[in-house]
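Going by the numbering used here, the first residue of the sequence shown is number 1, and it counts up by one from there. C-beta atoms are modelled at their ideal positions from N, C-alpha and C, and glycine is treated no differently. Fair warning: this is a prediction, and the values are worked out from it, not measured in the lab.
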Amino acid sequence: MTGQPSGPTAPRPAIRLPAPAPGWAEPADVVVVGSGVAGLTAALRCAAAGLRTVVVTKARLDDGSTRWAQGGIAAALGEGDTPEQHLDDTLVAGAGLCDEDAVRLLVTEGPDAVRRLIDTGAVFDKADAAGTIALTREGGHHRRRIAHAGGDATGAEISRALVEAVRARAIRTVENALVLDLLTDAEGRTAGVTLHVMGEGRHDGVGAIHAPAVVLATGGMGQVFSATTNPAVSTGDGVALALRAGAEVSDLEFVQFHPTVLFLGADAEGQQPLVSEAVRGEGAYLVDAGGTRFMVGRHELAELAPRDIVAKAITRRMQEQDVEHMYLDGRHFGAEMWAERFPTILAACRAHGIDPVTEPIPVAPAAHYASGGIRTDRSGRTTLPGLYACGETACTGVHGANRLASNSLLEGLVYAERIAEAIVAAHPAGAPAPVPVEPARTETIPLLAPEQRFAIQRTMTRGAGVLRSEASLAEAAEALSALRAEAGDAAAEGAPAEAKPAEPGVESWEATNLLCVARVLVDSARRRTETRGCHWREDHPDRDDTHWRRHLVTRLNQDRTLSVHTTDGAGLPATVPAGETP
1 MTGQPSGPTA
11 PRPAIRLPAP
21 APGWAEPADV
31 VVVGSGVAGL
41 TAALRCAAAG
51 LRTVVVTKAR
61 LDDGSTRWAQ
71 GGIAAALGEG
81 DTPEQHLDDT
91 LVAGAGLCDE
101 DAVRLLVTEG
111 PDAVRRLIDT
121 GAVFDKADAA
131 GTIALTREGG
141 HHRRRIAHAG
151 GDATGAEISR
161 ALVEAVRARA
171 IRTVENALVL
181 DLLTDAEGRT
191 AGVTLHVMGE
201 GRHDGVGAIH
211 APAVVLATGG
221 MGQVFSATTN
231 PAVSTGDGVA
241 LALRAGAEVS
251 DLEFVQFHPT
261 VLFLGADAEG
271 QQPLVSEAVR
281 GEGAYLVDAG
291 GTRFMVGRHE
301 LAELAPRDIV
311 AKAITRRMQE
321 QDVEHMYLDG
331 RHFGAEMWAE
341 RFPTILAACR
351 AHGIDPVTEP
361 IPVAPAAHYA
371 SGGIRTDRSG
381 RTTLPGLYAC
391 GETACTGVHG
401 ANRLASNSLL
411 EGLVYAERIA
421 EAIVAAHPAG
431 APAPVPVEPA
441 RTETIPLLAP
451 EQRFAIQRTM
461 TRGAGVLRSE
471 ASLAEAAEAL
481 SALRAEAGDA
491 AAEGAPAEAK
501 PAEPGVESWE
511 ATNLLCVARV
521 LVDSARRRTE
531 TRGCHWREDH
541 PDRDDTHWRR
551 HLVTRLNQDR
561 TLSVHTTDGA
571 GLPATVPAGE
581 TP
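Below, the structure written as structure tokens:
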């Protein structure tokens with residue numbers, strides 16, 4: 001990293017969402033925002049160490065992105081497999097931008113982390129009566145190292161086990177709550193968060209949790225695009241909060257588009273059914289309408305090539321043939337295998353009038369996973385003291401320019417455990433709750449009207465989707481700027497009556513968060529004038545290691561412009577905020 005960003009030594013003038021003042025508050029040692037594998041693992045580890053732990057989640061405790069994960073969790077658990085082989089596959093998928101030390105940590109600590117997850121109660125599918133874990137392959141893996149549960153319901157099983165463990169330990173949870181902004185104390189250190197509880201019929205659900213440690217595990221930002229595999233709650237809230245607080249984010253241009261998402265029509269919007277990579281891992285193949293296997297000869301792994309390569313190939317074939325989708329053919333599996341190995345996918349397809357036992361599945365790429373996010377060190381510490389991040393909302397350096405299939409659950413697990421260790425060391429249990437201090441000056445971001453969410457999604461899908469160019473990205477940037485200006489004009493003093501500003505509320509806050517992350521994504525994608533991993537520039541089709549084997553790091557300035565710098569190389573060395581010890 002060029003230089004070592006330092007944390008603030010006093011509260012900077014706050015940039016916040018417009019919201020009522022907190023009407024209630026409670027103390028804690030740590031507040032974890034998010035209830036997927038990363039958030040609940042961190043919460044369980046902190047609570048086990050005696051810390052007063054509060055989990056805040058946007059919907060119900062089991063409604064995060066983790067439960068939608070079908071394929072599984074990758075780890076070197078099989079005979080003949082090694083962490084070194086897992087590392088090699090991850091580095092290849094990351095297209096030269098992985099932080100190798102971060103990946104090595106992931107693959108070496110991963111197998112034991114999975115075993116601890118099993119001890120917590122997660123039950124994986126078995127290969128034999130002796131209880132050997134069944135392992136499969138997915139794209140980019142040269143070994144069968146994907147542990148799965150319920151055939152294609154791995155995320156649901158992991159979520160079930162962790163939720164039950166959290167409830168058994170009676171960890172305090174606040175459900176149906178949208179996190180708003182970070183609180184800081186007189187020294188500029190983290191002092192908790194504000195949040196809005198979405199209770200039925202409640203007009204003022206804003207409160208605060210005061211804690212010296214905040215863990216952001218809010219998941220992804222897939223809802224910034226029209227079609228995504230992400231649930232409706234994935235609106236980039238953690239990244240947007242971190243930007244407003246002054247933290248650094250990195251690699252937001254690297255959005256992985258899953259190659260095989262059930263095609264529901266050109267006008268379909270929101271969450272779309274995923275057809276797991278494991279289906280290809282078990283031998284299904286991609287074909288066009290004429291039945292031609294177009295991946296053969298394009299890559300040594302054919303349909304099991306890394307996701308960016310498969311997504312590009314599908315998109316290219318669609319362009320060549322002027323069609324809206326390709327097909328995934330698994331008819332040779334037979335009814336029994338579909339029912340036993342992929343029951344969730346089978347049910348989803350049949351619910352939409354498609355029977356994969358007798359016909360190919362129409363598929364097209366859709367936004368799936370954000371490889372970038374809030375920049376952290378290898379203990380999950382961000383550039384703000386007391387603020388941690390893990391899971392999809394974080395950028396640990398593990399994924400580089402493209403995530404290797406099924407590394408996401410493992411990353412959430414491993415780095416959440418490391419965060420808990422760091423918090424326990426830095427924040428002793430029972431210490432007095434920090435006292436938040438209101439900065440001398442607070443600036444609120446103009447809110448977008450709820451319906452602008454769809455304008456953002458259409459803009460991003462058109463201009464910053466699988467295919468990108470300077471022209472498409474410039475058009476997207478202009479459209480996003482217009483949305484910002486419109487919101488600012490409506491909120492300005494003396495604005496005409498017809499330009500009524502948006503009212504504070506969940507939908508307006510979400511739309512405003514989406515605009516925030518969309519701006520950074522588009523800005524980074526315009527700056528990266530090359531094609532690498534899941535960032536595909538049609539006007540710069542080649543990978544440029546001389547100029548671009550480095551990361552873009554972004555902060556939000558006080559005037560809400562973007563401050564961007566590049567790293568010296570592919571690594572993301574540990575960055576310790578001011579006042580913290582390594």
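With a cutoff of 7 Å on beta-carbon distance, N407 and A74 are scored as near each other. Following the DSSP letters along the chain, one finds H196 inside the beta strand (DSSP E) bounded by residues T190 to V197. Judged by DSSP in its simplified three-state form, T554 adopts strand. Non-local beta-carbon contacts of A42 in its own chain, meaning distances under 6 Å to residues more than five positions away in sequence, involve V32, V215, A416, I419 and A420 in chain order. In the structure shown, E421 adopts helical secondary structure according to DSSP, grouped into three states. Within a 10 Å sphere around the beta-carbon of S563 sit fewer than 16 other beta-carbons, which makes this residue exposed. Under the three-state reduction of DSSP, L274 is assigned to strand.
Apart from sequence neighbours up to five positions away, the residues of its chain that approach R519 with a beta-carbon distance below 6 Å are L480, ordered along the chain. Scanning its chain for C-beta atoms nearer than 7 Å, with the 5 sequence neighbours on each side dropped, one finds around A47 the residues T53, R169 and I171, in chain order. Looking from the CA of L135, the closest CA among A348, E282 and G397 belongs to E282. Boundaries of the beta strand (DSSP E) harbouring Q256: V255 to L262, taken from the DSSP string. Residue V30 holds the alpha-carbon nearest to the alpha-carbon of P432 among R16, V30 and A19. In this structure, the straight-line span from the alpha carbon of A177 to that of E538 is close to 41 Å. Taking K312 as the centre and dropping the five residues before and after it, the same chain places the C-beta of V466 and W536 closer than 8 Å to its C-beta, in chain order. The beta carbons of V37 and L182 sit about 23 Å from each other, so the pair does not count as a contact at 8 Å. Nearest to I456 by C-alpha distance, out of T82, A227 and R115, is A227.
Here T66 carries a helix assignment [DSSP, helix/strand/coil]. Setting aside the 5 residues that flank it on each side, R555 is surrounded in the same chain by E248 and S563, each with a C-beta closer than 6 Å to its C-beta; the list follows chain order.
CA-to-CA, the gap between E269 and T546 works out to about 39 Å. Secondary structure note for R375: its beta strand (DSSP E) is the uninterrupted segment G373 to R375. One alpha carbon belongs to D237, the other to E175, and they sit about 15 Å apart. Inclusion of A122 and E164 in the CB contact set at 7 Å is not warranted, their separation being larger than that value. DSSP, reduced to helix, strand and coil, places G207 within a strand of the structure shown. With a cutoff of 7 Å on beta-carbon distance, P446 and A511 are scored as not near each other. No beta strand (DSSP E) of 3 residues or more sits fully in the segment 104 to 147.
Secondary structure at I354: coil, using DSSP grouped into helix, strand and coil.
Note that the C-beta distance between S35 and L61 is below 7 Å.
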